[in-house]
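Trainee: Numbering (the numbering used here), first residue to last: 5 to 166. Positions of the beta carbon are idealized from the N, C-alpha and C atoms, including for glycine. Can you keep this structure in mind? I'll have questions shortly.
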């Protein structure tokens, strides 16, 4: 999948490159799906992460293509899955571009982020070291998002009370 997206959206586009349409991206992804590839949550977030520095330019095209292919799913459920995937510690995000992009795509992102962060505190299957590392990475990522909310935000108010 990533290879096909890199062909459609080269890292250093030639001077005669033109941005592919949503239909072209959907068509190419559909071809790959017909060959047995899956457009799972991690693949979508990996692709958005790969193009993190170009989300302003091509993010909407990718997003619309991904949602068209996953159109049968509940939007709230997709939001939970995508934020969960983006917050994974092993993703090791250095910038907030991906998280801010996701935030811009969901009207109720605050509730979703709250639920995802809460999940990391409740998950007791992990050993202590992995659990602490997971919490630290999640808190670091979520704090940068929380700072972007208004003072009236439920997330911000609760984070200051603790």
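Pull up the distance between the alpha-carbon of residue 5 and that of residue 12, whole angstroms please.
Mentor: Those two C-alpha atoms are separated by around 11 Å.
Trainee: Pairs of beta-carbons, one from the segment 55-64 and one from the segment 10-29, closer than 8 Å: are there three or more?
Mentor: The segment 55-64 vs the segment 10-29: in contact.
Trainee: Sort 119, 65, 53, 84 by Cα distance to residue 94 and report the nearest one.
Mentor: It is 53.
Trainee: Rounded to whole angstroms, what is the Cα-Cα separation between residue 68 and residue 79?
Mentor: Each residue's Cα considered, the two are about 13 Å apart.
Trainee: Go ahead and label residue 89 buried or exposed: buried means 16 or more other beta carbons lie within 10 angstroms of its beta carbon, across all protein chains shown.
Mentor: It counts as buried.
Trainee: Residue range of the alpha helix (DSSP H) that residue 54 falls in?
Mentor: Where residue 54 is concerned, the enclosing alpha helix (DSSP H) stretches over 45-54.
Trainee: Helix or strand or just coil, what does DSSP make of residue 21?
Mentor: Residue 21 falls in the coil class under three-state DSSP.
Trainee: Give the single residue among 8, 123, 82 whose Cα lies nearest to the Cα of residue 3.
Mentor: Only positions 5 to 166 of the chain appear in the structure, and residue 3 is not among them; the question remains open.
Trainee: Can you tell me whether residue 3 is buried or exposed, with buried defined as 16 or more other CB within 10 angstroms of its CB?
Mentor: Beyond the ends of the chain as shown, which are 5 and 166, falls residue 3; an answer cannot be given.
Trainee: Following the continuous alpha helix (DSSP H) through residue 109, name the residue where it begins and the one where it ends.
Mentor: Per DSSP, residue 109 belongs to the alpha helix (DSSP H) from 101-109.
Trainee: Within a Cβ cutoff of 7 Å, which residues of the same chain sit near residue 44, ignoring the five residues on either side of it in sequence?
Mentor: Taken in chain order, the list of residues that qualify is empty.
Trainee: May I ask which residues mark the beginning and end of the alpha helix (DSSP H) holding residue 41?
Mentor: Note, residue 41: premise wrong, no alpha helix (DSSP H); not H, not E.
Trainee: Once DSSP output is grouped into helix, strand and coil, what is the label at residue 164?
Mentor: Any answer about residue 164 is weak, because its pLDDT of 43 lies below 50 and its placement is not dependable; what the coordinates show is given next. It is helical.
Trainee: Determine the extent of the alpha helix (DSSP H) in which residue 80 is found, giving its start and end residues.
Mentor: Where residue 80 is concerned, the enclosing alpha helix (DSSP H) stretches over 79-91.
Trainee: Any idea if residue 18 is buried or exposed, counting beta-carbon neighbours within 10 angstroms, 16 or more meaning buried?
Mentor: With fewer than 16 Cβ atoms within 10 Å of its Cβ, residue 18 is classed as exposed.
Trainee: Quick check: the Cα distance between residue 92 and residue 22, rounded to an integer number of angstroms?
Mentor: Each residue's alpha carbon lies about 34 Å from the other.
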